[in-house]
Ligand SMILES: *Cc1c(COP(=O)(O)O)cnc(C)c1O
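Numbering (UniProt numbering), first residue to last: 1 to 437.
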């Protein structure tokens, strides 16, 4: 293996002959010297593209701009860079200009489900709040690719305040997910202000931050950032490692600081063709993450975003990966595999089947080894029929949940209290033909 430190010193001196390792570890220096053009990329890594290649690449970055931190660039293995998982995540491919017929600019309909700028309110009790339009690096597989390369900007206080006001006025929101862009690209005091405003809203029980900074710019996780975050518990951080190669000494140090500050860490990875579409790579990644106190949270199917067709795998590849994890490694090293439904349906978990069949008194199950077993259902279990009298239960159980909620979706069909017997798509021909329509 090439010595990473040596390579970083070499890249640093090519960027600025006076640069020392002190600068390398300064996140502002890293941002200032982010690689945004092809010739600089070639010069720093000592590689050359053919004229045809360069032309195709220039055309690609006109539509989807390029930005790589010197740190992330240093992780590329130049000996076989075209197959390198780091290269593929940060360096443009002319395939990004291919528009597939299923591609969409906003496949998750985040803009449609947005009541005020920056807020996507899709689920009953939580919102996505985009507080930054700046990223340290432009991931080639970005699901919000439509927004990448719009001028980098940080929404001003007036815009952020509209989002805060929306949250303040909706007591059902108990969980706020800050994303972007990358919230860790905000100045410490600005993020401090947003978090303080959220802390002051009584119904907001938990705040989460989604960031790729520990992966692409780990030196941004400074002591002062962490000391500020510590004041805002309960705060969770979800990061985005896609490949075991990204777990370096520097990123481990960033994770250690966050975990030592009492912040529970999760990881959301994306299944990407040619990067991590392999059960062995994924297992290694998840094991390295738990070693660094990061709980694999979600593994995403690649979205139908325009320009990502070359990154997409079949869903069956994802199921295969999960099959190779459950039972084979620690339960807490296995994320939930989800497909984010095109059109704004939200995340849909997908798994192999473990429940094979059942009768009225037995359930047939299989384990990861192929053992087929039976679970005999209890004879004595009397299902409790819910009478919806939460106050009476509250007297007995003292669970602090005496507030009635109305079931929705499949939970509504299952509810003992709801009359609904089916969920029917609106305006089908069959419904329109009905006499009472
Ligand atoms: C993913 C997501 C959330 C959070 O979902 P969890 O399953 O709770 O992690 C919230 N809002 C939107 C719009 C999302 O896409």
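Quick reminder that beta carbons are idealized off the backbone N, C-alpha and C, glycines included.
If you're wondering where the values come from, they're calculated on a predicted model, not measured in any experiment.
Nearest-angstrom Cα separation, counted from residue 25 out to residue 248: 14 angstroms
DSSP three-state assignment for residue 266, whether helix, strand or coil: strand
Continuous alpha helix (DSSP H) stretch holding residue 250: start and end: 249-260
CB contact flag (residue 259, residue 293, <7 angstroms): yes
Beta-carbon spacing of residue 275, residue 88 below 7 angstroms: yes
N-terminal and C-terminal residue of the beta strand (DSSP E) that residue 137 is part of: Neither: residue 137 is in no beta strand (DSSP E) and is coded neither H nor E.
Where residue 360 falls, given that 16 or more other Cβ within 10 Å makes a residue buried: exposed
Proximity of residue 295 and residue 27 at Cβ, strictly below 7 angstroms: no
Cβ-Cβ distance between residue 213 and residue 234 below 7 angstroms: no
Which of helix, strand or coil DSSP assigns to residue 75: coil
Three-pair Cβ contact test at 8 angstroms for the stretch 267-283 versus the stretch 318-333: yes
Exposed unless 16 or more other CB atoms sit within 10 angstroms - verdict on residue 388: exposed
Rounded distance between the beta-carbons of residue 119 and residue 438, thought under 8 angstroms: Summary: the structure shown does not reach residue 438, with the chain confined to residues 1 through 437, and so no result is reported for it.
Bridge partners - residue 282, DSSP secondary structure assignment: None; residue 282 has no bridge partner.
Residue 1 to residue 86 span [Cα, whole Å]: Unreliable placement is indicated for residue 1, whose pLDDT of 48 sits below 50; the coordinate value is still reported in the next sentence. Distance between the alpha carbons of residue 1 and residue 86: 15 angstroms.
For residue 161, three-class secondary structure by DSSP: helix
Segment limits, beta strand (DSSP E) that includes residue 129: 126-130
Reduced DSSP secondary structure (H/G/I, E/B, other) of residue 340: strand
As assigned by DSSP and simplified to three states, the class of residue 393: helix
Sub-7 angstroms separation of residue 307 and residue 96 beta-carbons: yes
Element boundaries [alpha helix (DSSP H), containing residue 362]: Where residue 362 is concerned, there is no enclosing alpha helix (DSSP H), although the beta strand (DSSP E) it sits in stretches over 362-366.
Cβ contact check for the stretch 301-316 and the stretch 140-147: 3 or more pairs under 8 angstroms: yes
With 16 other Cβ atoms within 10 Å as the buried cut-off, status of residue 60: buried
From 121, 222, 122, 103, residue whose alpha carbon lies closest to that of residue 251: 222
Rounded C-alpha distance that separates residue 226 from residue 181: 19 angstroms
Among 134, 199, 218, 231, the one whose alpha carbon lies nearest that of residue 183: 134
Unbroken alpha helix (DSSP H) run spanning residue 223, endpoints: 223-229
Simplified DSSP state of residue 1, which is helix, strand or coil: At residue 1, the pLDDT of 48 sits below 50, so the modelled position is not reliable; the number obtained from the coordinates is stated separately. The answer is coil: DSSP assigns residue 1 none of H, G, I, E or B.
Residues that DSSP places opposite residue 300 in a beta bridge: 270, 338
Bridge partner(s) assigned by DSSP for residue 25: Beta-bridge pairing links residue 25 to no other residue.
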